[in-house]
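First up is the structure itself, then whatever we jot down about it.
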Amino acid sequence: MEYCKPPSLTKTSKEEIKEYFLRTYKVYEELFELLVSDEVFYERPEPLRHPLIFYFGHTAVFFSNKLRLAKLLETPIDPELESICAVGVDEMSWDDLNSEHYDWPSVEKVRRYRKEVENRVVELIEKLPLELPITWQSPWWPILMGIEHERIHLETSSVLIRQLDPGLVRPHPKWGPIAPIGAAAPANELLEVSGAQVQLGLGSWSEIHGFYGWDNEFGQEVIEVEDFLASKYLVSNAQFLEFVEAGGYEREEYWEEEGKEWLRYAKPRHPVFWIEEDGEYRLRLIDRVIDLPLAWPVEVNYHEAKAFCNYLGAKEGLAITLPSEAQWYRLYAQSEVQDANIELRHYFSPCAVDRFRHGEFYDVMGNVWQWTRTPIYPFAGFSPHPLYDDFSLPTFDDRHNIIKGGSFISTGNEALPWSRYAFRRHFFQHAGFRYVVGQSERRKSQSYESDEAISQYCDFHYGQAPFDLPNFPATLAKRAASYCTNFQKALDIGCSVGRASFELAPFFEEVIGLDFSARFIMVADRLQREGVFGYRTPTEGELGQIRTIEMECFDFTPFAHRCRFFQADACNLKPLYKDFDLVLALNLIDRLYDPASFLRTIGDRMRPDGILMIASPYSWSEEYTPKEWWLGGLEKDGKESFEGLREILERDFELIDRFDQPFAIKESRRKYQHTLSDVSVWKKR
Ligand SMILES: [Fe+2]
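To get our numbering, take the position in the sequence shown, counting from 1, and add 321.
What follows is the structure, encoded as structure tokens:
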């Protein structure tokens, strides 16, 4: 079995990184040798995902794309392939199923491409000087990122292969053996876990760390966990069989709302990897089908795990639920994890739940992942990595739950206890669960944001405006709504930390807030979910003051759930952002790289009679906008920016109002930037 540990960021060598890369790359290719023929690459084992050929190309394309973004590669290696295999649809739900058609490349073409990428990466590793420690700004970070990304796909592709028709795969000598079937399943029991204060997160990304980590692992959170009980073993197939036989899949009372929706869509009668044959259950593994090993852990999605907890709780008269992320860490702290069914060390399959003992408990790490009840969220101080800013951010939506512990095929970062992965609740991984009784815990929000731009904007949006000025985003949002006649959907583009979006929420059924900066979106998102956000504002010199935004204090709060925040590029918006009755663009256009293209196309996204409000002080800067794309303010023709704006908008819009709106952004206690924004209001023809 091949696996190796991730390199230490403080002690590694070029040789070690090269070896880690080559082994990862090779083992990923070997996974596809389980397919009986090249035709199988075009199968789509899971209707919500791309066919396997995409994933075969994707991990190589990822290297090329990220290395280019990091300016370590100059040109694309195969532009066409690199666009087809760039973005996965790993995270689709049945309600946003994508029906796009692709011209998938031949397997041979992808194999040649993979070889070419391999050579380029090795060349790069050989020529790039290595400075230790490797930090997240280091040119070596994207190389490690590519490797860890491939290791994630090693696991997720093995799940996809496990969902193929069994006739399309075969055992392969490079993969194996599977675990012994084991004896009867042990009876599960509840054991005590002591409560304590749990510190989550690796701390600031800018510090020196031991291993590569994904952005969501950094930052910090303190949670006070009370004593609880946890099941000694993962739930076995035998234990879950009781639920199946008690009609668990037919009895909606055990299922959460979202779980019921999934039941109606997928119509399951038993766990997805179980196969019913003549009244007996068999188990689908990655490369074969065997009689159902009753002592192995059951593998299910979150909904099934949660329904089982509700069933067992009703039966036993206990408040049984899934552990939280913090509770899992208490369990880990109280266990002694040495060997485990992880990193392909032992088996190419799960194994009996009583095979690996970790102190009083079993399988605290390894065997199969363990679902938690915690939807993933950013720790305080989170920042997306600039080379992969859509890794975690799209999952901070309360629809992705954290899984802990790793599985038999988790390697690299995945096999570290502090790694943090989350999947949609209906998704399948090699994942099962253990259950707990007692869920009391408190999040201690002592943390605050000290990033200067974020603090300034928090103050600008939610603080007391100076010089008796009205609050800028609040005033303009309310005024914008007053021009509208339809109130279904509003867009706040360049929404920053979200005040105007929240102000629109009482008026509109749906408000979308978009911003280019993930860090700003994160604040809005956090306010919406948690109701508080702390930041530090400078007073003078090194001194500062901690401020807290409390959503309770605002009138819009009962409507805040109508807002949704996403990261987006205003000059290249996805087609799904459309049909707006109001578009608000406050202090945005002079920060766009191509303001004209934004203005030319925004009308297409609006309903007839829709209102567009643009506010801008026209403070153009080449830092944001190339001079030839400024709307005005150039010596060559002396044209004012509003004229440039009018020329573009007049085709689709009628100007219905125009006024000045002052605002002040606080730099320190005694210094402000006082600005006058030109506000123009346009009605779509
Ligand atoms: Fe990926």
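Idealized CB from N, CA, C, for every residue including glycine.
Given residue i as reference, the closest of the options once Cα atoms are compared
i    : options                   : result
V674 : H530, K725 and I502       : I502
Q982 : W941, I607, E975 and N908 : N908
E476 : F377, F808 and E439       : F377
C816 : A845, Q750 and E469       : A845
L615 : L966, P507 and P938       : P507
G638 : V758, K948 and T806       : V758
G827 : P791, A786 and R883       : Just to set this straight, residue 827 is Pro in the shown sequence, not Gly. Among P791, A786 and R883, the Cα nearest to that of P827 is on R883.
R441 : V382, F887 and L835       : V382
L445 : P454, K588, L388 and L812 : L388
I697 : R912, P454, E542 and R472 : E542
T695 : P947, P671, F677 and A743 : A743
E340 : E538, K332, F564 and P328 : P328
V610 : Y653, V519 and I499       : I499
R276 : Y632, M872, Q691 and H493 : Beyond the ends of the chain as shown, which are 322 and 1006, falls residue 276; an answer cannot be given.
Q760 : G522, D548 and E403       : D548
V565 : S552, G524, V621 and L652 : V621
G852 : P879, F808 and N807       : P879
E563 : R590, V546, K553 and L584 : R590
G516 : P618, P644, K627 and Y778 : P644
Y349 : D978, R472, R603 and S557 : R472
One or two residues paired with residue i in a DSSP bridge
i     : result
S937  : D999
W595  : L604
G540  : G524
T642  : V757
I986  : Q994
K387  : Beta-bridge pairing links K387 to no other residue.
N722  : P696 and F744
A701  : Q541
K1005 : F974
P618  : S557
V1030 : Nothing in the structure corresponds to residue 1030, since the chain is present only between 322 and 1006.
V546  : A517 and E762
D981  : D999
L835  : I814 and F887
Residue i, DSSP secondary structure in three states
i    : result
R694 : strand
G865 : strand
Q518 : strand
R344 : helix
A752 : strand
S357 : The sequence shown places Val at residue 357, rather than the Ser named in the question. Looking at V357 - three-state DSSP - the assignment turns out to be coil, as it is neither helix nor strand.
N440 : helix
R609 : coil
I870 : strand
Y586 : helix
T858 : strand
H679 : strand
C884 : strand
E513 : strand
R370 : coil
V408 : coil
S552 : strand
E476 : helix
S713 : coil
M413 : Low confidence applies to M413: its pLDDT is 45, below 50, so where it sits in the model is not reliable enough to give any reading.
G634 : helix
N419 : In this prediction, N419 has a pLDDT of 49, which is less than 50 and means its spatial position is unreliable; nothing more can be read from the coordinates.
V565 : helix
V853 : strand
G467 : helix
L737 : coil
Cβ separation of residue i and residue j, assumed to be a contact under 8 angstroms, to the nearest whole Å
i    : j    : result
A795 : R820 : 6 angstroms
G727 : M686 : 6 angstroms
K588 : W649 : With 8 angstroms as the limit, K588 and W649 do not qualify as a contact, their Cβ atoms being about 31 angstroms apart.
F793 : F984 : 4 angstroms
G753 : L555 : 5 angstroms
L511 : L550 : 4 angstroms
F632 : Y575 : A small correction: the amino acid at residue 632 is Tyr; Phe does not occupy that position in the sequence shown. Confirmed, about 5 angstroms.
F539 : F712 : 12 angstroms between Cβ atoms; not a contact.
ask   = Which parts of the segment 785 to 820 are runs of the alpha helix (DSSP H), unbroken and 4 residues or longer, counting only runs that do not cross its ends?
value = 793 to 804
Length at least 4, wholly inside the segment 900 to 975: the alpha helix (DSSP H) runs in chain order
916 to 923 and 962 to 970
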